[in-house]
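What follows is one structure encoded as structure tokens, with my remarks underneath.
Residue numbers (this note's numbering): 1 to 136.
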């Protein structure tokens, strides 16, 4: 069976089910996370304890792969400019809750000629749920 036919059959199966695969796939993970990061994540999640917490090098949700140093659109500000963040770490809590630790970027201006944004680092860290991403 050729690769093209295999992909067509997988796509057909996905259409028949009526939804994209909900499975979370992730790459090499590290269960040894420093105490300050665990404390910050617990504070963000507003919980006292959890069953498991992993720091993943990459994670794939419904076919979208997220990895370290990737830029995410977090929100849109009052001037209709996007708020961006660079992924510093990806955490998987209790094998179902995905949290990104992002370094925030400040959006300065949109250049129509280049169709791009000028941004600068804010040197501020923010935790963001996967399901709360603006582009989700």
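Here a beta-carbon is modelled for each residue, glycine too, at the ideal position from N, C-alpha and C. Quick caveat, the model's predicted, so the values are computed rather than measured.
- According to DSSP, residues forming a beta bridge with residue 80: Counted from its first residue, the chain shown places residue 80 at position 80. Answer is none; residue 80 lacks a bridge partner.
- Could you tell me which of 45, 30, 83, 69 sits nearest to residue 110, measuring between CA atoms? Sequence index remark: in the chain shown, residue 110 carries index 110 (1-based). Distances from the CA of residue 110 to each of 45, 30, 83, 69 were compared; the closest alpha carbon is that of 83.
- Item | Runs of beta strand (DSSP E) lying entirely within the segment 96 to 132, each at least 3 residues, in chain order | 97 to 111, 116 to 129
- With 16 other CB atoms within 10 Å as the buried threshold, where does residue 63 fall? Within the chain shown, numbered from 1, the residue matching residue 63 stands at position 63. By the 10 Å Cβ count, residue 63 comes out exposed.
- In angstroms, rounded to a whole number, what distance separates the CA positions of residue 52 and residue 92? As a position in the chain shown, residue 52 is number 52, starting the count at 1. As a position in the chain shown, residue 92 is number 92, starting the count at 1. The C-alpha of residue 52 lies about 8 Å from the C-alpha of residue 92.
- Does at least one heavy atom of the ligand ZN sit under 8 Å from the Cβ of residue 73? Judged by which ligands are present, the structure shown has none, so any question about the ligand ZN falls away.
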